[in-house]
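As structure tokens, the structure follows; a few thoughts come after it.
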């Protein structure tokens, strides 16, 4: 296996031979084999060990074991102890998810703060097959069937072509020492069931099971890459990234046959589920929308516009301004006051206000559906919503419009128009300029 | 299940409600349930039964059973008896493959010769899952994981959303009668092993197994369709179909990131296996080639050219012409003789030959690498290959070049040039025109 490993490094992981890296080392058989292979290949690396404090004295013994091994072999050693239970509780995660989150956050920190360029893990072919099966049981798509990725940014996995049996065989033949792997012992029921019940049956049915899965992962990754190329091309053609918004041109999308699948790919990280409903938006009237947990997708004229939902706390947020020296930083920038002469130059980012009318405290908040004001030059009142609609502001932007008010009235539809009642009556008069400084 | 079936027809198979169709009916539980569902849905159909003569008396009993059922229910009935063993032996196929070939050939004949527009089969979700698993064991790509297709031209499969358990449950509850299905009993070892060992383990692990697979097949088919759209688009951009040849522009292909995967998709039905070697052709010199069982792929100037290999019998084929009234029809058209006046007009499809030199029998054959001739106007001899190369004929076409010879010399490099020694000496002389009539 050593020579196969070295060949595999040359073919696929040449960066590891030219740089120094960390090995995520639990002390289990997989990571001890990986460490031994790297040691015998004379690579430049250090060990990184996580103590999740999940098995009390055993976890400390694992840590001591890896530390001792590093010392004996003259390898640099990093370790960190986590209060996994507390973190899981605080973040409302399962112990598994918490450990994973803590582990990878620490690994990234290490890569940032040390001389090491990469971190490698001992994930192997059986892990990849188990992930494939778990995703299968969940009703996955193509992406879920491509196995564990070889490379994820700075995290590399050079053992993915070897089976668990090969790794254990190498450990035994080379008389390596290891500790029962905590992550194996604590993995979830489904993974263990696959490991101990499903894989043995599959192995019995087909002697070439591992070779088949290597081929499958290769083929599916290749197809996935090609599909991603196509999605990128389509995205360039049909999408506009407009600040926080993704706008999908319906006209351009309609030129493709498989619209629904394309929408799925364009929006797949936005949390939507009911794809039939999403497709229906293509022929809905302006203003119709669907929400996921995190995003809003709206028919908006010629576009489907998608934007991240504000958290509830932000939606009802209101900022208070108590006097002329107050400044408020909010989503759309910063609001501040200046004393100014009357200035005929129209600038939507400035509101010139009659100081006699200014009655602190003022408030900055999102507009509501029943907000009305008298746009400058008009005596009748109009819904803010209708005013913006007439100015061709998109539905999505109308919903996000900020207004500056006092305790009873709208003073300024921010970035658009002031209310007639707050206008400067005498152009010689000193006035207050409210300034929107965009970020 | 009846109402689910009817809903499924409305959603996905509305063509069946508007037309008349055949049911492939073995007499097994699956096809008897399908027949019963169609009967109770008042559809317009007939039964088609194959007797493969594989289980002697039992096969005849099955046939009688289905025939009897059709008679009792006033359904039109078609049947055909096959000598499956003899066909398998003759065509060197397994019994399974032979039965499949015979079955579908007959079904297509029936569709052509009867009033029925479609044929439907009773394949169900478990069949699809088994196909998925079999392909998994073989190391398939995306296409192999999309399950059995719903529709293949005129063959439809409206039971693919139902599991075997649902079907058997329906049969029992409705007290249907059926015969042990010959295709089930005789399926290969792997399928049976999956059915009896793998699926039960998977079912035990995940209660939602069938729902998961329905989702997987949906997702993967959608991705497969999108990928096919992309391949078609790429094909339009990088390929030229030139008669029997597929020419791939290397320059255009090089603009894509995932060249290897694209080549795989462009050439996947041509029998190639060693894709690394195929990719190497992109940077090889003109004339380098790779062969599969059926095709030749050659670096040919700015292109990779792919063409079907001639069978060995055709490669060495030589046609004999015994006198002036003989005609020969061959790959490139037809060769015939005409008497003619000398005609200065140069036409590559005509060869004007001095009748005094014409010495029957003549032969028409592919050029060989050591063929030489004296092109008209030259006294020295030149390799046919070099002559064509100077005329910028592509390597692939040079290999396919025909020559007209007598027993010792080349008379005409067909469609290009005659030999100096056969030219007409006196322009007043009557001459023989050899004419190539292109197809």
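Chains as they are written, first to last, in the numbering used here: chain A, 325 to 763; chain B, 325 to 763.
Built from N, CA and C at the ideal position, the CB exists for glycine as well.
> Quick one, are the C-beta atoms of residue 470 of chain A and residue 541 of chain A less than 7 angstroms apart?
Replying inline: yes
>> Please return the same chain residues whose Cβ sits closer than 6 angstroms to the Cβ of residue 742 of chain B, not counting the five positions on each side in sequence.
In response: 675, 700, 736
> Going along chain B, which residues have a C-beta under 7 angstroms from residue 540 of chain A?
Replying inline: 460, 463, 464
>> Give me the residue from B/372, B/630, B/665 with the minimum Cα distance to residue 404 of chain B.
In response: B/372
>> Using beta carbons (cut-off 7 angstroms, strictly below), is residue 355 of chain B in contact with chain A?
In response: no
> Hey, out of B/624, B/644, B/626, B/755, whose CA is closest to residue 666 of chain B's CA?
Replying inline: B/755
>> Give me the subset of the segment 539-569 of chain B whose CB atoms are less than 7 angstroms from a CB atom of chain A, sorted by chain position.
In response: 539, 540, 543, 544, 546, 547, 549, 550, 551, 553, 554
>> So the candidates are B/698, B/629, B/406; which of them puts its Cα closest to the Cα of residue 587 of chain B?
In response: B/629
>> Suppose the cutoff is 7 angstroms on Cβ atoms and the five residues either side in sequence are ignored; what does the same chain contact list for residue 492 of chain A look like?
In response: 353
>> Excluding the 5 residues flanking residue 563 of chain B on each side, which residues of the same chain have their C-beta closer than 8 angstroms to its C-beta?
In response: 570, 571, 572, 573, 590
> Would you say residue 438 of chain A and residue 423 of chain A are within 7 angstroms of each other, going by their C-beta atoms?
Replying inline: no
> Three or more C-beta pairs closer than 8 angstroms, one from the segment 379-399 of chain B and one from the segment 408-421 of chain B: is that the case here?
Replying inline: no
> What's the gap between the Cα of residue 335 of chain A and the Cα of residue 326 of chain A?
Replying inline: Cα to Cα, residue 335 of chain A sits roughly 14 angstroms from residue 326 of chain A.
>> Using only the alpha-carbon positions, how far apart do residue 600 of chain A and residue 693 of chain A sit?
In response: 29 angstroms
> Under a CB-based cut-off of 7 angstroms, is residue 522 of chain B close to chain A?
Replying inline: yes
> Got a sec: which bits of the segment 584-603 of chain B sit with their beta carbon under 8 angstroms from any beta carbon on chain A, in order along the chain?
Replying inline: 584, 585, 586, 588, 589
>> Quick check: is the beta carbon of residue 536 of chain A nearer than 7 angstroms to any beta carbon in chain B?
In response: Cβ-Cβ to chain B under 7 angstroms: yes for residue 536 of chain A.
>> Check for me: the beta strand (DSSP E) holding residue 502 of chain B runs from which residue to which?
In response: From DSSP, residue 502 of chain B is part of no beta strand (DSSP E); its letter is neither H nor E.
> When you compare only the Cα positions, how much space is there between residue 613 of chain A and residue 605 of chain A?
Replying inline: Our two residues, residue 613 of chain A and residue 605 of chain A, have alpha carbons roughly 7 angstroms apart in a direct line.
>> Residues of chain B with CB closer than 8 angstroms to the CB of residue 582 of chain A, please, in chain order.
In response: 546, 549, 550, 553
>> Please identify the residue among B/500, B/362, B/659 whose C-alpha is closest to the C-alpha of residue 347 of chain B.
In response: The residue with the shortest Cα to Cα distance from residue 347 of chain B is B/362.
> According to DSSP, is residue 528 of chain A helix, strand or coil?
Replying inline: In the three-state reduction of the DSSP assignment, residue 528 of chain A falls in the helix class.
> Which residues mark the beginning and the end of the beta strand (DSSP E) in which residue 623 of chain B is found?
Replying inline: Residue 623 of chain B -> beta strand (DSSP E) spans 619-624.
> Which bits of chain B does residue 734 of chain A rub up against, with CB to CB less than 9 angstroms?
Replying inline: Here the premise fails: no neighbours, minimum Cβ distance about 48 angstroms.
>> Below 8 angstroms on C-beta distance, what does residue 525 of chain A contact in chain B?
In response: Those within 8 angstroms of residue 525 of chain A in chain B are 521, 522, 525.
> To the nearest angstrom, how far is it from the Cα of residue 510 of chain A to the Cα of residue 427 of chain A?
Replying inline: With a pLDDT of 45 at residue 510 of chain A, under the threshold of 50, the predicted position of this residue should be treated as unreliable, and no value is reported.
> By the criterion of Cβ-Cβ separation under 9 angstroms, what are the contact partners of residue 469 of chain A in chain B?
Replying inline: Here the neighbours are 466, 469, 540, 544.
> With a Cβ-Cβ cutoff of 7 angstroms, do residue 718 of chain B and residue 624 of chain B count as a contact?
Replying inline: yes
> Hey, is the segment 441-458 of chain A in contact with the segment 475-487 of chain A, meaning 3+ C-beta pairs nearer than 8 angstroms?
Replying inline: yes
> Helix, strand or coil: how does DSSP classify residue 509 of chain A here?
Replying inline: Confidence at residue 509 of chain A is low in this model, with a pLDDT of 47, below 50, so the placement of that residue is unreliable and no value is reported for it.
>> Whole angstroms are fine: how far does the CA of residue 740 of chain B sit from the CA of residue 659 of chain B?
In response: 14 angstroms
>> Could you check whether residue 731 of chain B and residue 691 of chain B sit closer than 7 angstroms to each other, using their CB atoms as the reference points?
In response: no
>> Please identify the residue among A/432, A/442, A/351, A/384 whose C-alpha is closest to the C-alpha of residue 367 of chain A.
In response: A/442
> Counting contacts by CB-CB distance shorter than 7 angstroms, is residue 530 of chain B in contact with chain A?
Replying inline: yes
> Are there 16 or more other CB atoms within 10 angstroms of the CB of residue 760 of chain B, so buried, or fewer, so exposed?
Replying inline: buried
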